[in-house]
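Q: Below you will find the structure I want to go over with you.
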Amino acid sequence: MQRLGGPVVRGGQAQPISPLVRVDGPLLFVSGQVPIIGGKIIGDDITTQTNCVIDQIEQILTLAGASLENIVKCTVWLVDKNDYPAFNTAYANRFPPDRAPARSTVISDLIVPVRVEMEAIAEMPDKS
């Protein structure tokens with residue numbers, strides 16, 4: 000995997016987004032994850048819900064022998080644009096700017112009453 004274009008800088012701060020990610024290997028597609036475990040919504044704040052969703056994605060990727068570092072693209076849906084700063088902080092704690100995947104963030108209603116949904120595309124790690 001190669002991250003191109005350097006970190007995105009906005010407001011003088013590097014953002015946890017890569018403008019371009021190039022991959023050579025097979026891809027893994029993680030469907031949209033929401034902060035619900037066992038039928039129960041986890042947390043009511045964006046930070047807790049973001050961490051829950053990223054944890055779920057991480058667990059799913061381990062099934063294929065991959066990790067968060069293998070993610071090349073995330074699509075994120077937030078219900079409230081005012082959650083963006085706190086979301087971005089929680090996200091950056093898991094995806095530092097120097098290892099961040101490409102990302103799109105959309106403000107949208109969601110099917111379930113949560114604050115965030117995230118899907119990911121990851122490159123299958125090289126096992127050679």
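To convert, note that position 79 of the sequence shown is 78 in numbering that gives the first Met the number 0; the numbers rise steadily by one, no gaps.
Just so it is clear, CB atoms sit at the ideal spot from N, CA and C, and this is done for glycine as well.
1. What does the alpha-carbon distance come out to for the pair D97 and I36?
2. Identify the continuous beta strand (DSSP E) that holds V105 and give its terminal residues.
3. Grab me the residues of Q32's own chain with a C-beta within less than 6 angstroms of its C-beta, minus the 5 sequence neighbours each way, in chain order.
4. Evaluate Q48 with the Cβ neighbour count: other Cβ atoms within 10 Å of its Cβ, from every protein chain shown; 16 or more gives buried, anything less gives exposed.
5. Who does V75 pair with in a DSSP beta bridge?
6. From F94 to P100, what does the alpha carbon distance come to, in whole angstroms?
7. One question on the structure: do S107 and W76 come within less than 8 angstroms of each other, judged by their Cβ atoms?
8. Rounded to whole angstroms, what's the CA-CA distance from Q14 to K126? Just pull it up for me.
9. Taking the runs of the beta strand (DSSP E) that are 3 residues or longer, which of them lie wholly in the segment 8-33?
10. Considering only residues of the same chain and omitting the five flanking positions on each side of G5, which have a CB-CB separation below 8 angstroms?
11. By a C-beta neighbour count over all protein chains shown, 10 Å radius and 16 as the cutoff for buried, is E122 buried or exposed?
12. With 16 other CB atoms within 10 Å as the buried threshold, where does R9 fall?
13. What is the rounded straight-line gap between the Cα of T61 and the Cα of G24?
A: Result, derived from the coordinates:
1. For the purposes of this step, residue 97 is identified with residue 98 of the sequence shown, where counting begins at 1. For the purposes of this step, residue 36 is identified with residue 37 of the sequence shown, where counting begins at 1. Approximately 31 angstroms between the Cα atoms of the pair.
2. In the sequence shown, the residue the question calls residue 105 occupies position 106. Start and end: 101-106.
3. Taking the sequence shown and counting its residues from 1, the one referred to as residue 32 is at position 33. So the list reads V52, Q55, I56, M117, once near-sequence residues are dropped.
4. Along the sequence shown, read from residue 1 onward, the residue named residue 48 stands at position 49. Counting Cβ neighbours within 10 Å, Q48 comes out buried, since at least 16 surround it.
5. Start at 1 with the first residue of the sequence shown, and residue 75 comes out as number 76. V75 is bridged to T104, M117.
6. As a first step, residue 94 is located in the sequence shown; it is residue number 95 there, counting from the start. As a first step, residue 100 is located in the sequence shown; it is residue number 101 there, counting from the start. The straight-line gap from Cα to Cα measures roughly 8 angstroms.
7. The residue labelled residue 107 in the question sits at position 108 within the sequence shown. The residue labelled residue 76 in the question sits at position 77 within the sequence shown. It is a contact, given that the beta carbons lie within the stated cut-off.
8. Along the sequence shown, one-based indexing puts residue 14 at 15. Along the sequence shown, one-based indexing puts residue 126 at 127. For Q14 and K126, the distance between alpha carbons rounds to 30 angstroms.
9. 19-21, 26-32
10. Residue mapping note: residue 5 aligns to position 6 of the sequence shown, counting from 1. P18, listed in sequence order.
11. Position 123 of the sequence shown, counted from the start, is the residue given in the question as residue 122. The residue is buried, with at least 16 neighbouring Cβ atoms inside 10 Å.
12. As a working note, residue 9 is residue 10 in the sequence shown. It is exposed - the Cβ of R9 has fewer than 16 other Cβ atoms within 10 Å.
13. Reading the sequence shown from its first residue, position 62 is the one you call residue 61. Reading the sequence shown from its first residue, position 25 is the one you call residue 24. Straight-line Cα distance between these residues: approximately 17 angstroms.
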